[in-house]
């Protein structure tokens, strides 16, 4: 069968145990060479045939999968991060369905999680933002008009943008025209969790200038929102002693200034 496997954000030790086991027993691995850390291929058996999909078409990928499966060989399709986010896996699954080839998915740590860890932030900070919008700028792959950057910006929620590093000037304009203030904090995280990771905090209106200054042109996530540099935020009620849960009773004393930190 074919296993679609999330390779994680980049760091070799952020691979899941399940992913490690699937890679180690695979007879064929097709990996996204422009994004997946090649060190992960070191977990494969010496007899495993490895293909870099960066130079391949969908049809070529499917042909290799079908040939291997016809011979009873286990296939791993290794995608960056978690394959369910911009992994183009549905079109592969549809072709496999047509051919009657079984498949399964192994989730991975997404780069947007790796970026938050590197920045030391919480995306869903009480009193600041309780939603995370994951989206991208329109490029060769279109974006539905109802999902425009401007429409999402109107919420002023935390926003994470994939595949948009080369269009930061336009992105800033759309974010501001949609409703974010130009001074809203923003971050550029290049190759989150990799050894050569770079991260920069700026503002929405300085995104393009910051990327140019540090020569960041690709393989970066853009994060927008006040969770990046919060001054005042609300304390989580889950751990507030005034409130009980199914695991503990509420205590009588109130903490000083329980609502804000």
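In the numbering used here, the protein residues as written are 743 to 1003. We put the beta carbon where it would ideally sit given N, CA and C, even for glycine. If you're wondering where the values come from, they're calculated on a predicted model, not measured in any experiment.
What is the DSSP secondary structure of residue 968, reduced to helix, strand or coil? helix
Please classify residue 817 as buried or exposed, where buried requires at least 16 other C-beta atoms within 10 Å of its C-beta. buried
On a Cα-Cα basis, can you pick out the residue from 845, 767, 783 and 744 that is closest to residue 750? 783
Beta-carbon proximity list for residue 993, same chain, < 6 Å, skipping 5 on both sides: 983
Alpha helix (DSSP H) containing residue 854: first to last residue? 853-861
Measuring CB to CB, does residue 928 end up less than 7 Å from residue 907? no
With DSSP as the reference, label residue 962 as helix, strand or coil. strand
The alpha helix (DSSP H) enclosing residue 920, as first and last residue numbers: 910-920
So that I know if they touch, is there some Cβ in chain D lying closer than 7 Å to that of residue 831? The structure shown contains no chain D; it holds only a single protein chain.
What residues match up with residue 944 in a beta bridge as DSSP calls it? 928
Buried or exposed for residue 824, going by 16 or more other Cβ atoms inside 10 Å? buried
Where residue 745 falls: helix, strand or coil (DSSP): strand
So for residue 907, helix, strand or coil by DSSP? helix
Please state whether DSSP places residue 977 in a helix, a strand or coil. coil
Closest to residue 867 by CA distance: which of 887, 936, 968 and 781 is it? 968
Measuring only the C-alpha atoms, how far is residue 760 from residue 848? 7 Å
Which value, in whole angstroms, describes the spacing of the CA atoms of residue 1066 and residue 806? Not covered by the structure: residue 1066. The range shown for the chain is 743 to 1003.
Can you give me the C-alpha to C-alpha distance between residue 917 and residue 820, rounded to a whole angstrom? 33 Å
Below 8 Å on the Cβ atoms is my contact criterion, and I expect residue 779 with residue 752 to pass it. Report the Cβ-Cβ distance as a whole number of Å. 5 Å
Between 904, 843, 860 and 901, which lies nearest to residue 938 when the distance is taken from Cα to Cα? 860
In chain order, what residues of the same chain have a beta carbon less than 7 Å from the beta carbon of residue 757, not counting five sequence neighbours either side? 749, 750 and 782
Three-state class that DSSP yields for residue 811 in the structure shown: helix
By a C-beta neighbour count over all protein chains shown, 10 Å radius and 16 as the cutoff for buried, is residue 966 buried or exposed? buried
Grouping DSSP H, G and I as helix and E and B as strand, with all else coil, what is residue 867? coil
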